[in-house]
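Engineer:
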Amino acid sequence: MSCDLVRQMLKLAPMLKLGFAICLLAIVGCSALGPTSPPDAWMAGEKKPKRLVIILLKNLTPEATDLNVLPNFQRLKSHSLSFAQASLGHLFPVSSVSHLVLTTGRFPRHLPLCDDQFWDRSGLLGARNRFYSVNKLSASDFSKILSPVSPSLLRKVPGPPNSKLVIAPRTDEAFPLASPTTESRILTGVPPAHLGSEKWVTDGILSFFNTEPDWRMVLASFDNPSTDFSSSDEQLGRLLDFLEQKNLLNETAIILTSHPTIPTKSTALRYYLKNKDLKSVLKFASQLKTTHGISEIYYKKEISGRFYYIRTFRSSHSKNETPGLLQSLGSDHSPDVIGFLEGAADNISLLVWSPNIRFDNPAIRNQVEQAPVRIVDIHPIALELLGLPQDSSLDGSSLGIQSLIY
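Dropping the structure here:
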């Protein structure tokens, strides 16, 4: 039964018994007469947000957010800036590295983690020059490794540590987001009896919202399957429903993004050589050319105290754009030789909602949305949205988003 018909019947209310009219409204559930959330929950204005929510997913492409089977991604996208040219912007597609790049706003060459292997040159965790698999590091290991990391978003967003939450199913995803670890609550490790890690993450966020009404920041990572986003969509809907119903969207900025987690062996081959003299390195690089699927080969060279990657080979059918990202990687602890494979891709989804973003200038909005944004840019974008000072040491840029802020 349509809402128009209900309104016509209400005009005849004197001729109807009141009980019947009330029952009719309950059955129809006309949203125009009984909204479940404030109608102006998503209205933009001049109010600067005081809260920030950043949600990370895996392998979510911009095209996926348009699917009709994902209504909550569509709901957020319809109210947000959507960056069509968003990409990972650094090497390599490893969750811990991407999370650390996001929260610090720095490229991997400035960070202690740049790969899925941690090269412990100074002996922080034991013997010098030992390699550790990042996904097997403990919370204590991460605290030691990340202690020298530059101040992160957690430190820059105002509020005490108990007003900020970092939550992720796995230790190697949570702690890179939570550096420094003294600036927030950290929840990680899904109980075996819990139904789904994404639901566990959402349950944790909603519990935090309810127990800390003056919360300021949430950094959350969904451990979603690589191709099925239906559960992620359902959990996103729960979060949006809460923010709508509590009328918190007018003081909350939301950034939803993703990062590719293609197995690193399918994107590039990385080698740390024992003999690092130029002759040995070039000999090894030359031998690497015979590897099936190799499209480009680079070796690392130090020039005036800075590390660069020099190309020694490129196949005639190479279409790989990833080597352009090498400037984000070169450091004393990055691989000595890298061989790129065909087909590496790093497109990601990036949606940004904030109550102080102007949507009334389509030309400027389109210009901003077409900017080639990267994971490293999310840190300065968040600072811009919250009205916080920019940091000149950041590798990222706010991409002119200030032109859309009231």
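Its first residue numbered 45, the sequence shown is counted upward by one per residue in our numbering. Even for Gly, the Cβ is constructed at its ideal location relative to N, Cα and C. On a predicted model such as this, the values are computed, not experimentally measured, just so you know.
#1: Excluding five sequence neighbours on each side, which residues of the same chain lie with their C-beta closer than 7 Å to the C-beta of residue 375?
#2: Starting from residue 183, follow the alpha helix (DSSP H) in both directions and report where the run begins and ends.
#3: Among 241, 194 and 419, which one has its Cα closest to the Cα of residue 214?
#4: For residue 248, is the classification buried or exposed, using 16 other Cβ atoms within 10 angstroms of its Cβ as the cut-off for buried?
#5: Between residue 298 and the rest of its own chain, which residues show a CB-CB distance below 6 Å, the 5 nearest in sequence each way excluded?
#6: Would you mind working out which of 430, 391 and 346 sits nearest residue 377, comparing C-alpha positions?
#7: Which of helix, strand or coil does DSSP assign to residue 413?
#8: Within a Cβ cutoff of 7 Å, which residues of the same chain sit near residue 283, ignoring the five residues on either side of it in sequence?
#9: Ignore the nearest five residues each way along the sequence and tell me which others in residue 130's own chain have a CB closer than 6 Å to its CB.
#10: Just verifying my parser: in three-state terms, what is the DSSP assignment at residue 67?
#11: Anyone know if the C-beta pair for residue 424 and residue 149 falls short of 7 Å?
#12: Who are the near neighbours of residue 439 in its chain, counting only those whose CB is closer than 6 Å to its CB and skipping five residues on each side?
#13: If you run the structure through DSSP and keep just helix, strand and coil, what is residue 335?
#14: Could you pull the start and end residues of the beta strand (DSSP E) that residue 357 belongs to?
#15: Alpha carbon to alpha carbon, how far is residue 186 from residue 369? Give it in angstroms, no decimals.
#16: So, at 7 Å on beta carbons, what are the nonlocal neighbours of residue 441 in its own chain, with the 5 sequence-adjacent residues on each side left out?
#17: How is residue 421 classed by DSSP in three states: helix, strand or coil?
#18: Measuring CB to CB, does residue 223 end up less than 7 Å from residue 196?
#19: State buried or exposed for residue 261, treating a residue as buried only when at least 16 other CB atoms are found within 10 Å of its CB.
#20: Please go through the same chain and pick out, in chain order, the residues whose beta-carbon is closer than 7 Å to the beta-carbon of residue 258, but skip the five residues on each side of it.
#21: Measuring straight from C-alpha to C-alpha, what distance separates residue 155 and residue 336?
#22: Between residue 116 and residue 191, what straight-line distance do the alpha-carbon atoms span, to the nearest angstrom?
#23: With distances taken between CB atoms, is the gap from residue 263 to residue 210 smaller than 7 Å?
#24: For residue 254, is the classification buried or exposed, using 16 other Cβ atoms within 10 angstroms of its Cβ as the cut-off for buried?
#25: Output needed for residue 286: all residues of its chain with C-beta closer than 7 Å, excluding positions within five of it in sequence on either side, in chain order.
#26: Around the C-beta of residue 212, are 16 or more other C-beta atoms found within 10 angstroms, so that it is buried, or is it exposed?
#27: Would DSSP call residue 161 helix, strand or coil?
#28: With a threshold of 7 Å on Cβ separation, who are the neighbours of residue 360 within its own chain once the five nearest residues in sequence on each side are excluded?
#29: Please give me, in chain order, every unbroken run of the alpha helix (DSSP H) with length at least 4 that falls completely inside the segment 132–157.
#30: Measure the alpha-carbon distance for residue 279 versus residue 243 and round it to whole angstroms.
#31: Which stretch, first to last residue, makes up the beta strand (DSSP E) that contains residue 381?
#32: Helix, strand or coil, according to DSSP, for residue 275 in the structure here?
#33: Could you spell out the range, first to last residue, of the beta strand (DSSP E) harbouring residue 395?
#34: Quick check: what's the CA-CA separation for residue 432 versus residue 202?
#35: Do the CB positions of residue 401 and residue 448 come within less than 7 Å of each other?
#36: Rounding to the nearest angstrom, what Cα-Cα distance links residue 230 and residue 219 in this structure?
Structural biologist: A quick look at the data gives this:
#1: If you ignore the 5 residues before and after residue 375, its C-beta comes within less than 7 Å of the C-beta of 153, 158 and 351, all in its own chain and listed in chain order.
#2: Run containing residue 183: 183–189, per the alpha helix (DSSP H) assignment.
#3: Closest option to residue 214, Cα to Cα, is 241.
#4: Buried, because 16 or more other Cβ atoms sit within 10 Å of the Cβ of residue 248.
#5: For residue 298, where only same-chain residues beyond five positions count, the Cβ hits under 6 Å are 97 and 397.
#6: Taking only the C-alpha atoms, the option nearest residue 377 is 346.
#7: Helix at residue 413.
#8: Closer than 7 Å at the Cβ level, and outside the excluded window around residue 283, lie 246 and 249.
#9: Hits under 6 Å: 392, 394 and 417.
#10: Below a pLDDT of 50, predicted positions are generally treated as unreliable, and residue 67, at 37, falls in that range; no measurement from the model is reported.
#11: It is a contact, given that the beta carbons lie within the stated cut-off.
#12: Here the set comprises 150, 151 and 420.
#13: Residue 335 falls in the coil class under three-state DSSP.
#14: Element bounds for residue 357: 350–358.
#15: Straight-line measurement puts the Cα of residue 186 at about 26 Å from the Cα of residue 369.
#16: Within the same chain, residue 441 has close Cβ partners 421 and 424.
#17: Helix at residue 421.
#18: Result yes, Cβ atoms of residue 223 and residue 196 sit closer than 7 Å.
#19: Flag for residue 261 reads buried.
#20: Excluding sequence positions up to five before and after residue 258, its CB lies within less than 7 Å of the CB of 207, all in the same chain and listed in chain order.
#21: Answer to the nearest angstrom: the Cα atoms are 32 Å apart.
#22: CA-to-CA, the gap between residue 116 and residue 191 works out to about 37 Å.
#23: Yes; because the gap between Cβ atoms is below 7 Å, this pair is in contact.
#24: So residue 254 counts as exposed.
#25: 250 and 253.
#26: Classification for residue 212: buried.
#27: The answer is strand: DSSP assigns residue 161 an E or B state.
#28: There are no such residues.
#29: Positions of the alpha helix (DSSP H) runs, each at least 4 residues long and wholly inside the segment 132–157, are given as 139–148 in order along the chain.
#30: Going from the Cα of residue 279 to the Cα of residue 243 covers about 6 Å.
#31: From DSSP, the beta strand (DSSP E) with residue 381 extends over 381–385.
#32: DSSP places residue 275 within a helical segment (H, G or I) once states are collapsed to three.
#33: Residues 394–397.
#34: Rounded to whole angstroms, residue 432 to residue 202 spans 9 Å at the Cα level.
#35: Cβ distance < 7 Å, so residue 401 and residue 448 count as in contact.
#36: Their backbone Cα atoms lie some 8 Å apart in a straight line.
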